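Taking it in order: structure first as structure tokens, then the write-up.
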Amino acid sequence: MNNISYLRNVAIIFILFMGLQSCSKKIEREVFIFPKGFKGNAVILFDQKDGREEKVTNNSVIYDFPITGILLMRSKPHITNMHLSKYYYKDTQEVLRELCSKASKGADLNCEATILNDYFASYGDIEYGVIAIGDTLESFDVKAVIDSVVNLRR
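With numbering that gives the first Met the number 0, letter number 54 in the sequence shown gets 53, and the count goes up by one each step, no holes.
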């Protein structure tokens, strides 16, 4: 009887564990939304007390950038497959138009803009992401931008 009791307890624990796992938010991709016509370097600063709350839809976290291109988020960055990320322009009627990735550049897609570069890193205790949008990659000092944002908020 001890073996049956043990197996029953293991089965109950397994079922409870699986149930809890299915209730948690699993982020599979990131969606980056920019104001229509935005070109240049956009920056996300994570784990910011006065940042925006995270919006999750269909297992995707949505980053909706302001016209400044600097987005402060309360959440920490997610580990996702960057190849699944999506990038969009949003017009004044909230219509989304997908931007081309650097992999699709040169294809006949009639792109308004191309994602030239995207990466995540840290500077001091600040985790951040940079997305470069446009036709040509511009020189950019992300550390100066982060320092400016931090100093403005003091």
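Backbone N, C-alpha and C define an ideal beta-carbon position, used for all residues, glycine too.
The structure presented is a predicted model; accordingly, all values stated were derived computationally and were not measured.
P34 versus D90: straight-line alpha-carbon distance, rounded: 6 Å
Pairwise C-alpha distance: N40 and I78: 21 Å
In DSSP terms, what V60 is bridged to: E29 and V55
Nearest to G128 (by Cα), restricted to the options A112, T135, F64 and L151: F64
C-alpha distance - R73 paired with E111, whole-angstrom precision: 30 Å
Backbone CA spacing between Y88 and N58 [nearest angstrom]: 20 Å
Test item: CB-CB of F31 and Y86 under 7 Å: yes
Close Cβ partners of S100 (< 6 Å) along its chain, the five nearest in sequence each way excluded: I114
Extent of the continuous beta strand (DSSP E) to which I132 belongs: I125 to G133
Rounded separation between S147 and K48 - CA only: 17 Å
Inter-residue spacing [alpha-carbon to alpha-carbon] between E27 and K142: 28 Å
Unbroken alpha helix (DSSP H) run spanning N80, endpoints: It is not in any alpha helix (DSSP H) - N80 carries neither H nor E in the DSSP assignment.
Reference Y122; option with closest CA among N80, V149 and T67: V149
Contact belief for L44 with L83 at Cβ below 8 Å, rounded distance in angstroms: 23 Å between Cβ atoms; not a contact.
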